[in-house]
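Under my numbering, the first residue of the sequence shown is numbered 2, with each subsequent residue one higher.
What follows is a set of notes on a single structure, which appears directly below.
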Amino acid sequence: MLAVAHASGREDEGIVLVIAAAMPTGTSDTLQTITLSGIPDGAFLNAGTENADGSWSISVDQLTGLILTPPADYSGVININVTATSVAGISVTQALDATVIAVTDQPSLTVSDAVVDVVLAPDEGEEIEGGKGDDEIVGTDGSDEIDGGKGDDIIFGSAEAAGEDPEPEVLDEPQAVSLDINAALTDVDGSETLSLEISGVPTGASLNLGLPGEDGSWLLAGANLSSLDTLELTLPDGFVREDFSLSVKATSVELESGEMSTIDAALNVSFETTETQGDVIFGGKGDDQIFAGAGDDVLDGGHGDDYLSGGAGDDTLIGDKGDDELSGGAGADELGGGKGDDIIGGGAGDDVIDGDAGDDIIDGGTGDDVLRGGSGDDTFVFKAGDGNDFILDLSEKEELRFDGPEFSQEDLTVTDNGDHTATLTFGQGTDVSVTINHDADDIGDSYSVTQDGDSIVVSFDDDL
2 MLAVAHASGR EDEGIVLVIA AAMPTGTSDT LQTITLSGIP DGAFLNAGTE NADGSWSISV
62 DQLTGLILTP PADYSGVINI NVTATSVAGI SVTQALDATV IAVTDQPSLT VSDAVVDVVL
122 APDEGEEIEG GKGDDEIVGT DGSDEIDGGK GDDIIFGSAE AAGEDPEPEV LDEPQAVSLD
182 INAALTDVDG SETLSLEISG VPTGASLNLG LPGEDGSWLL AGANLSSLDT LELTLPDGFV
242 REDFSLSVKA TSVELESGEM STIDAALNVS FETTETQGDV IFGGKGDDQI FAGAGDDVLD
302 GGHGDDYLSG GAGDDTLIGD KGDDELSGGA GADELGGGKG DDIIGGGAGD DVIDGDAGDD
362 IIDGGTGDDV LRGGSGDDTF VFKAGDGNDF ILDLSEKEEL RFDGPEFSQE DLTVTDNGDH
422 TATLTFGQGT DVSVTINHDA DDIGDSYSVT QDGDSIVVSF DDDL
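As structure tokens, this is what we get:
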């Protein structure tokens, strides 16, 4: 006697097989084997032995709790033949159908943030002269030439540099940005479809693939998905250059059941602006204050004790005569103190600083800076995180000052590099190194170290 029952289960899950086998009452024959054939490649049972022809042999004791695991991502009907064979060679076969119900698998989705590169050509600015007297001058948003003239002037390269609310920055022409989106089905047996929805597309913007919806979202499906490597978002002329985020949703749909599975990701779009030219500002005579703002600016303090601030951009700051204070700000700046006892700060970026004549205080700031003190007794200032700086000249009475509790005298290491340079480091946690030129026979005998509050001061005994 052999009895089977129809079996069913969900995709990628085990299916219980109900099989009962026994010899008729009163017979002396006994069951020897039970064989299951028709089990597809990739499927397996939790009991029994798989034979060379793909069938499985099972004992009567193994029928209880017998489970079939279908192939990965398989859905449909598995037609199994169950054959019971006695010791006497009598066989009985029954058909057992196992239905595998399709289940939607979550698709894969990866995105990378996008950057819109905006290169601003210089707008034609104005020529502005302050004349005699103490002037306050505010330049335009273009590339101005400003001469403060005589007097103690305050000069701003633009309204934004003066602290005024700037006009919204907009694109002056349509601009396309590539979107890095990868979406795919994880179930590749053909039973599912994939679609992609991108929402948060700004008003007036468009994609080169897919169709727009009424709510501003875009739907991509079918052949569009095979061209995702060409996907672009075009922003319109006049678009305000403010960062925004797109919401990306991939959806897989099981064709048989209509069941869906989704996965979401956020794609951030930011703007990176490069200005090709800035202002040229000359302070003239007097104690001037000059604030350049954005752009690659040229600032010359002229005579007097001036304050120069380069702001963003790769600026050139010239203190000229007087005890000046120069602040490079962000960007790879070139700063020259000129004559006088100057205070020079490079700010962020890989700067080149020349103190020139006078007893200057030079702080390269963050970035890998090249520093020259020039004539005079100069002090070079460093803080944790300042990067890898190079000092071109050092003389007796000049000091290297390391400010902050991160520095200790015990951690200082001076390494002779063997090429007439030596490097000062303080170990982990400081993220700063200073390389100097030297001609000393033994660099270890040429310097001394003192503690000054939270600062370590390194001074050299002879001109190097």
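For every residue, glycine included, the Cβ atom is placed at its ideal position computed from N, Cα and C.
Starting from the C-beta of D321, find all residues in its chain whose C-beta is less than 7 Å away, skip the five residues before and the five after it, and write them out in chain order.
In its chain, beyond the 5 residues on either side, D301, G302, G303, H304, G339 have a beta carbon closer than 7 Å to the beta carbon of D321.
What number of angstroms, rounded off, separates the C-alpha of G27 from the C-alpha of P108?
58 Å
Go through its chain and collect everything with a Cβ distance to V189's Cβ below 8 Å, but skip five positions before and after it.
D74
Determine the extent of the beta strand (DSSP E) in which F381 is found, giving its start and end residues.
Here the beta strand (DSSP E) through F381 covers 380 to 384.
May I have the straight-line CA-CA distance separating L401 from D357, to the nearest angstrom?
17 Å
Please go through the region 258 to 300 and give each complete beta strand (DSSP E) segment of 3 or more residues, from N-terminal end onward.
261 to 276, 281 to 283, 290 to 292
Report the residue ranges of all beta strand (DSSP E) runs contained in full by the region 354 to 439; include only those spanning at least 3 residues, in chain order.
362 to 364, 371 to 373, 380 to 384, 388 to 392, 400 to 404, 414 to 417, 422 to 426, 433 to 438
Considering only the alpha carbon of each residue, which of E233, A103, N52, E243 lies closest to S192?
Distance check between S192 and each of E233, A103, N52, E243 places A103 closest, using alpha-carbon atoms only.
Use the C-beta contact count for N225: other C-beta atoms within 10 angstroms, 16 or more gives buried, fewer gives exposed.
buried
Which term fits H439, buried or exposed, when burial requires 16 or more other beta carbons within 10 angstroms of its beta carbon?
buried
I91 bridges to which residues according to DSSP?
Partner(s): none; I91 has no beta bridge.
Could you check whether T70 and G15 sit closer than 9 Å to each other, using their CB atoms as the reference points?
yes
Are the beta-carbon atoms belonging to T431 and E407 less than 9 Å from one another?
yes
Could you name the residues of the same chain whose beta carbon sits closer than 6 Å to that of V178, not counting the 5 residues immediately before and after it, in chain order?
Within the same chain, and ignoring the five residues on either side of V178 in sequence, the residues whose Cβ sits closer than 6 Å to its Cβ are A115, V117, L234.
How should A267 be labelled, buried or exposed, when 16 other C-beta atoms within 10 angstroms of its C-beta is the threshold for buried?
exposed
Measuring CB to CB, does I59 end up less than 9 Å from I35?
yes
For V83, list the residues DSSP reports as bridge partners.
L37, Q95, per the DSSP bridge assignment.
What residue does the beta strand (DSSP E) around N183 start on, and which one ends it?
Looking at the DSSP string, the run of the beta strand (DSSP E) that includes N183 is 181 to 185.
Are I264 and L110 closer than 9 Å when you measure CB to CB?
yes
Find the nearest neighbour of L229 within the set A185, E257, L247, P169, judged by alpha-carbon distance.
Its Cα nearest to that of L229, the residue A185 stands out among A185, E257, L247, P169.
Using a threshold of 8 Å, is the CB atom of G330 nearer than that to any non-hydrogen atom of the ligand FAD?
In the structure shown, the ligand FAD is absent, as is every other ligand, since no ligand is present at all.
Do the CB positions of V17 and I68 come within less than 9 Å of each other?
yes
So, with DSSP's three-state summary, where would you put T231?
helix
Assign D446 to one of two classes, buried (16 or more other C-beta atoms within 10 Å of its C-beta) or exposed (fewer than that).
exposed
Does DSSP put A333 in a helix, in a strand, or in coil?
coil
What number of angstroms, rounded off, separates the C-alpha of F45 from the C-alpha of Q429?
57 Å
Give me the Cα-Cα distance between V241 and P169, rounded to the nearest whole angstrom.
6 Å
Please report the distance separating the alpha-carbon of F283 from that of D379.
26 Å
I need the straight-line Cα distance from G126 to A385, nearest angstrom please.
Only weak support is given to the placement of G126: the predicted model assigns it a pLDDT of 48, under 50, and the value that follows is read from those uncertain coordinates. Those two C-alpha atoms are separated by around 40 Å.
I need the boundaries of the beta strand (DSSP E) containing L197, first residue and last residue.
193 to 200
Of the residues S76, I81, D98, which one's Cα is nearest the Cα of T105?
S76
Is the CB-CB distance between G10 and T100 below 9 Å?
yes
Starting from the Cα of G377, find the closest Cα among G366, N389, E399 and give me that residue.
E399 is the residue among G366, N389, E399 whose C-alpha sits nearest the C-alpha of G377.
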